[in-house]
Every structure is written in structure tokens, then in C-alpha cells.
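Just below is one structure, and these are the notes that go with it.
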Amino acid sequence: MKFTIVVQADPLASQGSETALRFTRAALAAGHQIMRIFFYSEGVHSANRLALAPQDEACVPDQWQQLISEHQLDAVVCIAAAVRRGVVNETETRRYGKTGSSLIDSAELSGLGQLIAASVDSDRVVTFGGHR
Amino acid sequence: MKFTIVVQADPLASQGSETALRFTRAALAAGHQIMRIFFYSEGVHSANRLALAPQDEACVPDQWQQLISEHQLDAVVCIAAAVRRGVVNETETRRYGKTGSSLIDSAELSGLGQLIAASVDSDRVVTFGGHR
Amino acid sequence: MSDRTLHTLNRGPQSLSLFGSMRDAISPRDSLLLIEDGVYWATAAYAEMLAGLNCDKIYQLAADADARGIQSDRIEPVDDAGFVSLTVSHQRTLSWF
Amino acid sequence: MSDRTLHTLNRGPQSLSLFGSMRDAISPRDSLLLIEDGVYWATAAYAEMLAGLNCDKIYQLAADADARGIQSDRIEPVDDAGFVSLTVSHQRTLSWF
Amino acid sequence: MSRLLIISRQAPYGSSAAREALELALAGALFDQQVSLLLLDDAVFQLVAGQNPAAIQQKNHGAMLQSLPMYDVENLYASERSLNERGLEPSDLILPVKSLSTAEIQKLISEQDKVFHV
Amino acid sequence: MSRLLIISRQAPYGSSAAREALELALAGALFDQQVSLLLLDDAVFQLVAGQNPAAIQQKNHGAMLQSLPMYDVENLYASERSLNERGLEPSDLILPVKSLSTAEIQKLISEQDKVFHV
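Chains as they are written, first to last, in the numbering used here: chain A, 64 to 195; chain B, 64 to 195; chain C, 60 to 156; chain D, 60 to 156; chain E, 3 to 120; chain F, 3 to 120.
Pasting the structure below:
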């Protein structure tokens, strides 16, 4: 089956981003196709490459980066949600007169239309939420 | 009176960081002393200089940067909470073998002891929380 | 000066257990300031629950009530300066969120 | 295949209104999977509330129950592969958080 | 055309959740899908008339909700129980909303291709 | 020496809140303050014996709680109501905790110099 995975959980404030990682690995292992991973709301923090974890702890953005690269998955970070939260690439920071970047290499910034399009083309959409 | 302000709210997910900004301005206007502003938990995102807001919207980290600079306030971001969330300076990213920085200029990374010390020396500690 | 705690509450009525813990913790001389989504507790539907709190005074942050279209004559509004004053007139502040 | 929704719930018993909205939304053919802090609903104290849900089957994510020291013989555990299977066997997933 | 349901459970202003639910609903409509928005629990406060968030530097959520029909988000629903518990009458609301019983909520969900909760 | 109370309302693992409350309590004790930790609502689940978070890649929260007395965080309190509602008996818990009535919670708060909620 074709899946769209929606990550809305802050990777520190909530467990949801880690649950989504495990779910995605299990779906791939079962032979399913991941159409797109879409990071929205606080989930965009899951795509911040500047997140640093002590050696004995899991670094969620590094794990997403690895999983996405290894399986060449399509990963989109909601641009409106991300730029407001400081998850940005050089193009965006320059546009706002700042410098620097924080987005993981394996994901791209784009609009909510990318979530709608993937959802419509998928058999299943599974959302991993955080705390509200 | 001497105040310590504790910001634990994600500036997007919650209103608490903006309420803390208004409270701090009002306390200064009333002639109170701000001993320290301490960013903890999801509040560390309030000190991410890479956060970008459209022109017609408030950019909370920019507002903190401005308030702290203008009044030369002491602002500390919990280092353990911040590095895990990608709010970092060059020293920290280098230590973890990455590059880049995202911390606002006016705040420094330090430990929870800085919150304890300021709290003990203050007449009042006011916490601005987020959503749990 | 008598010993008093200022409680702030920033979540709305769906956070019922938060309200319950605040109710357990509030003392007769304490005050409560409703902020952010907490101002929804000032609406008529929750008048009885607020009246059931064993505390002294209840306030609401005016900017938050205005933002949300909440009109409540029974709950005294304070502005940001008033919020600061309340933290001064109470020995400690406890934030519920 | 009959039309069924898989509901997931990731918050514990203090999120009572979340549980209430989920209860309103769940249908007799639907299933519920307790994940993350949601596994605390599988403890004995909440057996009656779970039994009151008008749904088909209730599951819990095993890794989350183990992490929290929750032992519940009444609620069927599933692993991550089982979670994926449940999303396949139900037409849609609705996540409560 | 897919039937997409967006569920919101949060009040406006206190968090970005209400706004992000609205933006997803708009995106669905702009991509020509059949979008419904369902407000549960404190999310029904999004409908309160007379919102004025100027002093807290935010955009008027009520006005954003009012614009939904213009973008072809025609189906705006709210939980009857959530409205009643909060004492909200139709005259308190900034725009008309279809009030749903639990049976109607269940039916609405069962008719969707995909359900989002923001 | 200041009397500092740290209040936690969250279960372990589902969020970082429980852990961050504990770390603040430890910091207070390391800086020689008189620290109390009060667990309310789902935070009493932090006390459950037999936690095994290896499969979710997190550190054992129960073991961290058990280490508190070694760092001179001697005062560990929990709401009696929260424990009772969750059916938690002393034998279910990983370490002894002082169970407080509402009157005792109010008294504890009134005795503090500063109160934190993480």
C-alpha cells in the first residue's frame, strides 16, 4: 500500500516523532511504499539538523535524515510552519535578510499542497501528533 | 523588586513567550529589576535567531533579542534543553562535529544552575508555560 | 503582609484536570489570574466552577479576553501593569499550564 | 470489506476531554490503538471507561506499555509491524493527541 | 476528488494549532478536494463573535473562519456537545455552523477518504 | 537556603517534561537549596515500578527518580487524589512517596520561597 506519514510532533516535547520513525521503518519492512513524509506544525523541528544529542541519546533529526537518505524517501517540510520556527535553508534566511541554515539535507521546504497531493495519491495517511 | 522570568513556552505552539515579553516590558516600565530571563524546555525556541516571520507578523525571537539588547538584560538559555532542540552556537555545533549556529546574540547558553542562582537572588520568579 | 500565592492559568475548559489540580492547590488567601486561553473560564458556562474555588480574588488579563471576544462583567480585568502588580502583592507565583 | 476507522490515542488519563471526543467519534466497527502515554488507559483503574467505548477491538503498542511498566492482560499488545497492519486493515486512521 | 476532514480541538490564539488546521483546510480546497472542517472541544471557541486580537499581535481568527466559504470550504461542523457545554448559542457565533450529534460525527468520519487532526 | 518546590504534571516518556522537572530538582539540590518535588495528575505514573524504556530509546525514568535521595532531593510528594484515581498503591511504586491531601498540598505551597512548574 501507499502511505503518507504526517509528523506534527516536536521531537523533544513529544514522543510522536520517534513513534513515526518506528512506524515508517516497519511499513518499509512490510514492503509498503512511503509516498511522502510531511512535517507540519511542531513536527518541523524534527527536520532541524542543528539538534545535537549526547552520545547515549537518540537524535531524532539525524535519524530522519538517515532513514530518508537510505531509502531515498520523499520528505517535505511545510515552509510556512518551518520558517516561523527557525527550520530554514539559505534561500529563506537570505530572503529575510539573515544568514544560516538549519534544514536537514534530505528534506525540502514546500507548501501544504504537497501534503494534500500526497494524501490524495496514498491509500493511507497516518498522523503522528504531539502534545496540545 | 527583583524578578526572574522563566520562559518555557514554544513561541509558535503557545502564546506564553509573547505573554512573557509583555510582562517583562511592563515590569521594566514599573521600575522593577529583571535579574535574569531564563529559557527552558520548549521556551528555548524563543531564542532561535533563524525564526523568520512575514512582515505583518510578530517574530518572537527578534523581539526578545531587541528587548534584551535595549535594556542590557541578562538572558540565559538552558544549554541541555537548547542543544537537543537545535538552538546552538558555533562552539556547541563544533563540539558535535556539525557547523552552524542559531542562538540569538543577546543570550548565552548555560546550565540550570543559572536559573537556581537567579531565583534565589530574586524577590519573584514568574514562569510562562506552554502547552503540555 | 499575609502569605499569599498568585496562580495563573493559561488553558481553556478542555483542560479539566489542570483546573482540578489548581483547585486542589489554591488557598483561601490566594488569587487567580486567567491568562491566554484561560480567559474562557470567565464565560458564563463556567461561573459555577469558578465560584467553587476556595480562593480570594479572580482576575483576567484584559488583552487576552479582548482577543477572544470574551465579555465577563463578573471577572475583574487587569492589564500587563496590573499583572506585574499582582505578582508583587503576592509572595510567590504558580503558573498552571 | 466493511468500512472501519483506526483511532490512535497518545495521551494519558489526565486528557479526559480528548478521551471524550474520541468516544464521541468512535463507531462500533472501529478499533482503538493506545500509543505513547495513551497506554495508561489500559490500567485497571480505567477498565470501565474503556469498556464503555462503543467500538470493536482495543490494542496497545507493546513498546510503549513495556517502557511505562504497564501490565494489562485484557488489552492485546501489538508491535510496530502490527501497528502498520492495523492501518492497512482499516480504511482510514484518526490520530487523537 | 477526495473527501478530506480536518479536525481541530484547540482554541484560537493560545496556540498555532487552530490556525494551522484552517490553513490545511484552505490548502485542501485550493487543490480542489472536498474539504470539511470539524471543531471539537475548545475549538468551538474559534467561532465566538467579536474577537479583537490587535493587542496580542495576532490575526483575527474569526475573520479567517468567515473567509472559508469564499475558498470553497463549505462544510463547517461543530460538536453539539462541545457547543452546549460552553453555553454557545447560534447568536454568539461569527458564522453559521452545522451542529453535529455523536451519531452524526461518526457518520461524517465514516464518509471521509482521509482524516486529519491538526 | 531557599525552599524551592518543583511541580510536575506529566507522565514520563510521552514528553520531555517529566525529565526536565527532575533535572531542575537536581540542579536545585546541587546548588544547596531545599528542594521538594510534587507529582500531580499523570505525573504520578513516573513512580510506577518495572519501567523498561529500552525499546523506545529513552533512559529509565524510574531509576532517575530513585537516585534523587542520593542527590539530597529528600522531599518527594504526590497528590493522594491523583494516586487514588489511578489505582496506584504503595506496593506499585518504585520508591516511597509522601501522599498529600489537598490541605497538605496548600500548606506545602505556602511554605515555599519559589514554586516552579515544568
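Backbone N, C-alpha and C define an ideal beta-carbon position, used for all residues, glycine too. All figures in this text were calculated on a predicted structure; none of them were measured in a lab.
Just to check my reading of the structure: residue i and residue j have Cβ atoms closer than 8 Å, yes? What is that Cβ distance to the nearest angstrom?
| i | j | result |
| --- | --- | --- |
| LEU6 (chain F) | VAL37 (chain F) | 5 Å |
| VAL140 (chain A) | LEU172 (chain A) | 5 Å |
| TYR118 (chain D) | LEU92 (chain D) | 5 Å |
| ASP168 (chain B) | GLN128 (chain B) | 7 Å |
| ILE97 (chain A) | ALA83 (chain A) | Contact doesn't hold; Cβ gap of about 11 Å is too wide. |
| LEU1 (chain E) | LYS100 (chain E) | The requested residue 1 (chain E) does not occur in the structure, where chain E is confined to residues 3 to 120. |
| SER81 (chain F) | ILE107 (chain F) | 7 Å |
| LEU145 (chain D) | HIS66 (chain D) | Actually they do not touch by this definition, with Cβ atoms about 10 Å apart. |
| ASP34 (chain F) | MET3 (chain F) | 6 Å |
| HIS194 (chain B) | ARG187 (chain A) | Between ARG187 (chain A) and HIS194 (chain B) the Cβ distance is about 28 Å, and since that is not below 8 Å, they are no contact. |
| TYR99 (chain D) | ARG127 (chain D) | 7 Å |
For residue i, list the residues DSSP reports as bridge partners.
| i | result |
| --- | --- |
| HIS119 (chain E) | E:ILE9 |
| TRP127 (chain B) | DSSP lists no partner for TRP127 (chain B). |
| THR67 (chain B) | B:ARG99 and B:VAL188 |
| THR211 (chain C) | The question about residue 211 (chain C) has no answer, for chain C in this structure spans 60 to 156. |
| ALA126 (chain C) | ALA126 (chain C) pairs with nothing; no bridge assigned. |
| ALA138 (chain A) | A:ILE100 |
| PRO136 (chain D) | D:GLN119 |
| ASN152 (chain A) | Paired residue(s): none; ASN152 (chain A) is not in a bridge. |
| VAL50 (chain F) | F:LEU95 |
| LEU2 (chain F) | Summary: the structure shown does not reach residue 2 (chain F), with chain F confined to residues 3 through 120, and so no result is reported for it. |
| SER90 (chain D) | D:LEU65 |
| LEU166 (chain B) | B:ASN111 |
Locate the beta strand (DSSP E) running through residue i, then write down its first and last residues.
| i | result |
| --- | --- |
| ASN86 (chain F) | Per DSSP, ASN86 (chain F) belongs to no beta strand (DSSP E); it is in the alpha helix (DSSP H), 82-87. |
| SER38 (chain F) | 36-41 |
| LYS100 (chain E) | 100-102 |
| GLU171 (chain A) | 171-173 |
Tell me where the alpha helix (DSSP H) around residue i begins and ends.
| i | result |
| --- | --- |
| THR87 (chain A) | 79-92 |
| PHE142 (chain D) | 139-148 |
| ILE117 (chain C) | Not the alpha helix (DSSP H): ILE117 (chain C) falls in the beta strand (DSSP E), residues 117-120. |
| ALA31 (chain F) | 19-32 |
| VAL107 (chain A) | No alpha helix (DSSP H) holds VAL107 (chain A); DSSP gives it neither H nor E. |
| SER76 (chain C) | 75-84 |
| LEU109 (chain C) | 106-110 |
| LEU115 (chain A) | Counting along the chain, LEU115 (chain A) falls outside any alpha helix (DSSP H), and DSSP gives it neither H nor E. |
| LEU67 (chain F) | 63-68 |
Any heavy atom of the ligand NAP closer than 8 Å to the CB of residue i?
| i | result |
| --- | --- |
| ALA104 (chain D) | With respect to the ligand NAP, the structure offers nothing, as it holds no ligand at all. |
So which residues on chain I does residue i lean against when the C-beta distance must stay under 8 Å?
| i | result |
| --- | --- |
| GLU95 (chain C) | Absent from the structure: chain I. Protein chains present are A, B, C, D, E and F. |
Worksheet item: According to a CB-to-CB cut-off of less than 7 Å, which residues of the region 65-86 of chain D neighbour chain C?
Response: GLN73, LEU75 and SER76
Item to complete: Check distances from the C-beta atoms of the region 124-136 of chain D to those of chain A and list, in chain order, the residues that come in under 7 Å.
Response: none
Worksheet item: In the region 78-110 of chain B, which residues sit with their C-beta less than 9 Å from some C-beta in chain F, listed in chain order?
Response: TYR103, SER104 and GLU105
Practice prompt. Give the residues from the region 50-77 of chain F that approach chain A closer than 7 Å (Cβ to any Cβ), ordered along the chain.
Written response: ILE58 and GLN59
Discussion item. Using 8 Å as the cut-off, can you tell me whether the region 57-71 of chain E makes contact with the region 121-136 of chain C, which would need three or more C-beta pairs spanning the two stretches below that distance?
Written reply: As far as the Cβ criterion goes, the region 57-71 of chain E touches the region 121-136 of chain C, which means the pair count is three or higher.
Practice prompt. Could you tell me whether the region 154-165 of chain B touches the region 84-95 of chain B, using the rule of 3 or more Cβ pairs below 8 Å?
Written response: no
Fill in: Given 8 Å, three or more beta-carbon pairs between the region 100-120 of chain B and the region 33-50 of chain E
no
Worksheet item: In chain order, what residues of the region 163-180 of chain A put their CB closer than 9 Å to some CB of chain B?
Response: For the region 163-180 of chain A, which is checked against every Cβ of chain B, the residues closer than 9 Å are GLY163, SER164 and SER165.
Discussion item. I'd like to know if the region 138-154 of chain C and the region 70-87 of chain D are in contact, where contact means that at least 3 CB-CB pairs between them fall below 8 Å.
Written reply: no
Discussion item. If contact is defined by three or more beta carbon pairs under 8 Å, each pair taking one atom from either stretch, is the region 82-96 of chain D in contact with the region 107-117 of chain D?
Written reply: yes
Worksheet item: How do the region 77-97 of chain F and the region 98-111 of chain D stand: do at least 3 beta-carbon pairs fall below 8 Å, yes or no?
Response: Yes: the two stretches touch, three or more of their Cβ pairs being nearer than 8 Å.
Worksheet item: Are there three or more Cβ pairs, one per stretch, closer than 8 Å when the region 107-127 of chain A is compared with the region 146-157 of chain B?
Response: yes
Worksheet item: Pairing CB atoms from the region 62-77 of chain E with CB atoms from the region 24-38 of chain E, are three or more of them under 8 Å?
Response: yes
Worksheet entry | Chain-ordered residues of the region 137-154 of chain D with a beta carbon less than 9 Å from chain A | If you check each beta-carbon in the region 137-154 of chain D against every beta-carbon of chain A, the ones closer than 9 Å belong to ASP138, ASP139, ALA140, GLY141, PHE142, VAL143, SER144, THR146, VAL147, HIS149, GLN150, ARG151, THR152, LEU153 and SER154.
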